[in-house]
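See structure below.
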Amino acid sequence: MITLNRHGHVAEIVLDRPKAHNVLSTGMAVQLAATCAEVAGSDARAVVLSSSAERSFCVGADLKERASMTDDDLMRQRPVFRSAFGSVLNLPQPVVAAVHGFALGGGTEFALSCDLVVADPTAVFGLPEVGVGLVPGGGGTQLLQRRVGAARAADLIFTGRKVGFDEAVSLGLVDRPAPEGRDRETALELAAVIAANSPVATRAAKRALRHGAPLDLGAALDVEDSAWRTTALSGDRREGIAAFNEKRRPDWPGV
């Protein structure tokens, strides 16, 4: 249900339950968290989250599985799902989502959990949870408003409506439009560009972006200063300066 591919310094995590449009079951959530933990501790410098399903990225929770659950079962599933979404959100490497087709409920939340979203014109986003008596539970209420603003997030969440590609681009849900059928290729190309840079610097920059976002400007600048100091004393910084002066590509030590 989850496949891990390596493309040089890029790790590709594939949602791989194509016949079910990548609906998220308990077992799939466990596998995803374990795969993300493996990637987090690896030498990967960038990550792509993609889908093997032809017409979908992910269409949310497995409601057939939930139909047979008791209330206690549902509460036991909750931390498993939180761990799955958190494992994507908290990856230390920059993460690029490759979206095509339906990205609904948890699918939209997986995309929002990534740092950058690549999508092709078939992409459809939405958080329809209120239509089945729930609220988004994979970070949607918080991550969406941070991307598109509180009022626009309220519109999408309260109505549960679907958003097509053009509106998603306009709202800022999509960062890099891709030609139809090339979302994965475009995401891998983007991740390769990121992976060519210092892994120490890109991880530090991600921490600064994430940790500084909710703070006032003064505190956020302190977060940036801490990230800068981390890179300034690193082997990557020394190698980067040496490579620049010697007019060659850097060979990053990653420390």
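Heads up: the sequence shown runs through residues 1083 to 1337, numbered per the working numbering. For each residue, glycine too, the CB sits at the ideal point set by N, CA and C.
- Bounds of any beta strand (DSSP E) do not take in N1279, whose DSSP letter is neither H nor E.
- Secondary structure of S1195 (DSSP, three-state): helix.
- Rounded to whole angstroms, the separation of the alpha carbons of A1277 and G1213 is 40 Å.
- Assigned with DSSP and collapsed to three states, T1241 falls in helix.
- Only buried fits N1104, as 16 or more other CB atoms lie within 10 angstroms of its CB.
- Nearest to S1316 by C-alpha distance, out of Q1159, V1282 and G1294, is V1282.
- The beta carbon of V1337 is closer than 6 Å to those of G1317 in its chain, skipping five residues each way along the sequence.
- Here the alpha carbon of V1275 sits roughly 20 Å from the alpha carbon of A1324.
- Cβ contact annotation for A1179 (same chain, cutoff 6 Å, sequence separation greater than five): L1131, A1193, C1196 and V1199, in chain order.
- Per the DSSP secondary-structure output, S1133 pairs in a beta bridge with L1097.
- Per DSSP, V1337 lies in no beta strand (DSSP E) and is assigned neither H nor E.
- Contact between the segment 1294-1308 and the segment 1115-1132 is absent: fewer than 3 CB-CB pairs across the two stretches fall below 8 Å.
- Shown here, R1160 sits in a helix according to DSSP, grouped into three states.
- Annotation for V1217: no beta strand (DSSP E) segment contains it, and DSSP assigns it neither H nor E.
- With a threshold of 16 other beta carbon atoms within 10 Å, M1151 falls short and is exposed.
- A distance below 8 Å separates the beta carbons of V1245 and G1208.
- Close CB contacts of D1098 within its chain, under the 7 Å cut and outside five residues either way in sequence, are with M1083, I1084, T1085 and S1134 (chain order).
- From the listed residues R1292, V1170, R1127 and A1149, the smallest Cα separation to L1270 is found for R1127.
- The three-state reading of DSSP puts V1141 in coil, since its state is none of H, G, I, E or B.
- Taking C-beta atoms as the reference points, V1217 and G1187 fail to come closer than 8 Å.
- Around the C-beta of L1225, 16 or more other C-beta atoms lie within 10 Å, and the residue is accordingly described as buried.
- Straight across, the Cα-Cα distance linking A1102 with D1144 is about 9 Å.
- Boundaries of the beta strand (DSSP E) harbouring L1086: I1084 to H1089, taken from the DSSP string.
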